[in-house]
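Since the structure comes first, as structure tokens, the remarks are kept for the end.
Protein chains: 2
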Amino acid sequence: MRDRFLRACRREPTDVTPVWFMRQAGRYMAEYRALRTKHTLLELCKTPELATEVTLQPLRLGMDAAILFADILLPLEPMGAPFEFAKGEGPVIHSPVRTRADIDRLRVFEPEEGLGYVLDAIRMIRKELDGKTPLIGFAGAPFTIASYLVEGGKSSDYRITKQLMWSDPEAWSTLMGKISEVVRRFLRAQVAAGAQAVQLFDSWVGALSPADYATHVAPHVRHILKDLETTGVPVIHFGTNTGSLLEAQAEAGGTVIGVDWRTPLDQAFARVGQTRAIQGNLDPLLLLAPREVTLARTRDVLRDAGGRVGHIFNLGHGIVPETPVDTVKAVIDLIHSIPREELAAGR
Amino acid sequence: MRDRFLRACRREPTDVTPVWFMRQAGRYMAEYRALRTKHTLLELCKTPELATEVTLQPLRLGMDAAILFADILLPLEPMGAPFEFAKGEGPVIHSPVRTRADIDRLRVFEPEEGLGYVLDAIRMIRKELDGKTPLIGFAGAPFTIASYLVEGGKSSDYRITKQLMWSDPEAWSTLMGKISEVVRRFLRAQVAAGAQAVQLFDSWVGALSPADYATHVAPHVRHILKDLETTGVPVIHFGTNTGSLLEAQAEAGGTVIGVDWRTPLDQAFARVGQTRAIQGNLDPLLLLAPREVTLARTRDVLRDAGGRVGHIFNLGHGIVPETPVDTVKAVIDLIHSIPREELAAGR
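These protein sequences, in sequence, are chains W and R. Numbered per the working numbering, the first sequence spans residues -12 to 334. Numbered per the working numbering, the second sequence spans residues -12 to 334.
Set out below in structure tokens:
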């Protein structure tokens, strides 16, 4: 088995730096676009055979891990908050959750009932991977999911979410508690179904001040991550724009802390401490730059990580659809061509 | 004269903490909305009498400084890149600047010719203020202006801007050099016309990695700020999402460093060092929270600043239109009710 990724999660030495990419199964690949002409995104997610096919598509490029093809909003439907992906607008939640009554109506469900299709996909993918490449499961983190539920979609400033948080902290805590319990059960079920690592996506948490994070978010994240520790499976705790939250985020938990391109990796390792692995952090838009720039900046990320045990190469956020496939391949090949010991010697 | 603001810029002790708000003249005030039923935003900017009226409107709430009513995009028209504010969409630049030829066509103009109306407004406002309240002038910083020019409006990821920066660093440098020279001349002209301090708004620079900031942005900001030092007027160097850029931003210059709510002020003072004042940093959306929350969080900002000389209270970004006027007044009154010595003693 290609075990670099899992070894790095556990901070064990590896031959070279392991690499995977957020949204590595997606629209930048012709095979994926071809499938999307026949199926909606939600159809792909809800049909285990198709989710399996899409999950496996990018692996020919040489990533050290597969990541389940799914969407962080899938739990919304079984919670009682259906949504759709509106053309060019991103997700639209039909009835945003804004009042105490809305929150009370949200259901905490059993994953095998509400999201059985995801767990079926995991079982099918594991079978297909046949132990050759590890599989990462994932879920959205409570704040990020709450922001979609409350705003009714993507927001630029999370205004309604913050207003709920500040004006009715009890209702907010109930909402976050329900989401956390859904996420906790879902991630445990993913592990039970075969996920060998999981990532918690707190993509939008960087909109908060450290004080709001500590009071209104961290306790809920801790609830999930503390419980997942007992599974023995590594958990990647990811966020963007977390330059001021890194210590608090690490304190809330996670085997691996994922950072974006704003936080240089030498600083991330220093701030988070030697007890966690660090994942990151090439700006995804650098995959659209001229090839020599992309590769030079890839080398810079490796240099900043300095061959430390526990570095997992990734982007700072998801691959964008315009990314050339052969650039992705070239980046992976470059990363795999440099022994970790050589990077460590250069530090 | 109400001199707290200027004293704090120079890191001299003040009785209480000075306060002003970004976008303090704006849609949250009924007087402003009344004027906007008769005039477009650009008409207000381009008519010195109206710009003066709007600039003075909020001062009844007790701010320690007035800020010129204008827009960071005003220099675009005399540079040869006209734009309009499209209903509900923000600014739209008719012909985005994306090629070497586009950049070569941009004009570096004399402010008295291209933006004489802004300078007239400054002279008129100073006369009206009659030395009672200091006047802050401002301009957009090169990266932030470049992002509008290249993208053709507001962007969520600055993709085209970054692609230009990475794919043709020479063209990028020419573009940034032209904008910097326009901004340098414009800010010097504002000081000559009577601005007693100026703020450089690098609102969107937090989208960049520290490496990109150092290579592609900082030298141009330094060009402006170095030159402004010779005027003797304080310069506020502001950005949002700058948690990872603070030291580099301070190194590029500025008498005062402006930070958003993501960077606690005690950390900002520690990281920037004792040679600069610090401005910030209440989340502007906290002005929409219940009154007791707004005031408690205002006290938290003051506590984090700890009565250090050189703290100027402000929001982390501009006031939003939905802000209740009496909340703004209550925040100002609270800030003015606490002696700085008392805050310092509590540290």
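Think of the CB as a built atom: it goes at the ideal place given N, C-alpha and C, for glycine as much as any other residue. Keep in mind it's a predicted model, so treat the numbers as computed, not measured.
Could you tell me the distance, in whole angstroms, from the CA atom of Phe225/R to the CA atom of Gly127/R?
10 Å
So is His298/W buried or exposed if we call it buried at 16+ other beta carbons inside 10 Å?
Classification for His298/W: buried.
Inter-residue Cα distance where the pair is Met(-12)/R and Asp189/W
48 Å
Beta bridge counterpart(s) of Ile54/R as assigned by DSSP
Ile123/R
Looking at C-alpha atoms only, which residue of Ser160/W, Arg334/W, Glu76/W and Pro311/W is the closest neighbour of Ala292/W?
Arg334/W
Could you please give the first and the last residue of the uninterrupted beta strand (DSSP E) stretch that includes Gly245/W?
Val243 to Gly245
Between Tyr104/R and Pro35/R, is the Cβ-Cβ spacing less than 7 Å?
yes
Using Cβ-Cβ distances below 7 Å, what residues of the stretch 219 to 237 of chain W are close to chain R?
Of all residues in the stretch 219 to 237 of chain W, Asn228, Gly230 and Ser231 have a Cβ within less than 7 Å of some Cβ in chain R.
For Asp270/R, name the three-state secondary structure that DSSP assigns.
coil
With Ile299/W as the anchor, note down where its beta strand (DSSP E) starts and where it stops.
Counting along the chain, Ile299/W sits inside the beta strand (DSSP E) bounded by residues His298 to Leu302.
Interface residues of chain R facing Gln150/W [CB-CB closer than 8 Å]:
Leu272, Leu275 and Ala276
When Cβ atoms are compared, which residues of the stretch 250 to 263 of chain R fall closer than 9 Å to chain W?
Under the 9 Å Cβ criterion, the stretch 250 to 263 of chain R contributes Thr250, Pro251 and Gln254.
Is Ser196/R close to chain W? Criterion is C-beta to C-beta, closer than 7 Å.
yes
Find the residues of chain W that neighbour Trp248/R, judging by a C-beta separation of less than 7 Å, and give them in chain order.
Ser196
Roughly how many whole angstroms lie between the Cα atoms of Val6/W and Leu212/W?
23 Å
Which one or two residues does DSSP pair with Asp71/W in a beta bridge?
According to the sequence displayed, residue 71/W carries Glu and not Asp. DSSP, once it has assigned bridges, lists Val79/W as partnering Glu71/W.
Contact list for Ser154/W against chain R, beta-carbon separation under 8 Å
Ala276, Pro277 and Val280
Between the alpha carbons of Ala198/R and Arg284/W, how many angstroms are there, rounded?
10 Å
Contact list for Arg146/W against chain R, beta-carbon separation under 9 Å
Leu272, Leu275, Val307 and Glu309
Flag this pair as yes or no: are the beta carbons of Arg263/R and Thr1/R separated by less than 7 Å?
no
Anyone know if the C-beta pair for Ala68/R and Ile80/R falls short of 7 Å?
yes
Start and end residues, alpha helix (DSSP H) containing Ile59/R
Per DSSP, Ile59/R belongs to no alpha helix (DSSP H) and is neither H nor E.
Select from Pro45/R, Pro65/R and Val137/R the residue whose C-alpha is nearest the C-alpha of Asp89/R.
Val137/R
Going by C-alpha to C-alpha distance, which of Arg295/W, Asp313/W and Gly303/W sits closest to Arg(-6)/W?
Nearest of Arg295/W, Asp313/W and Gly303/W to Arg(-6)/W, Cα basis: Arg295/W.
Proximal residues of chain W, C-beta to C-beta of Asp287/R below 8 Å
Ala198
Can you name the residues that DSSP bridges to His224/W?
Leu187/W and Ile244/W
Using the Cβ count rule (16 or more neighbours within 10 Å means buried), how would you classify Arg171/W?
That one is buried.
Taking the alpha-carbon positions, what's the Cys(-4)/R to Thr242/R distance?
7 Å
So, using beta-carbon positions, are Arg87/W and Ala133/W closer together than 7 Å?
No.
May I have the straight-line CA-CA distance separating Gln254/R from Ile123/R, to the nearest angstrom?
26 Å
Taking DSSP as the reference, what is the three-state secondary structure of Pro206/R?
helix
With distances taken between CB atoms, is the gap from Lys141/R to Gly77/R smaller than 7 Å?
With respect to the 7 Å criterion, Lys141/R and Gly77/R are classified as neighbours on the basis of their beta carbons.
Under DSSP, the alpha helix (DSSP H) around Val41/W begins and ends at which residues?
Pro35 to Leu43
Integer Cβ distance of Leu162/R from Val84/R, believed to fall under 8 Å:
The beta-carbon separation of Leu162/R and Val84/R, rounded to 7 Å, stays under the 8 Å limit for a contact.
Going along the chain, which residues of its own chain have a beta-carbon closer than 8 Å to the beta-carbon of Leu31/W, five neighbours each way excluded?
Leu22, Arg23, Leu37, Ala38, Val41 and Phe56
Just the Cα atoms here: how many angstroms apart are Met9/R and Glu100/R?
27 Å
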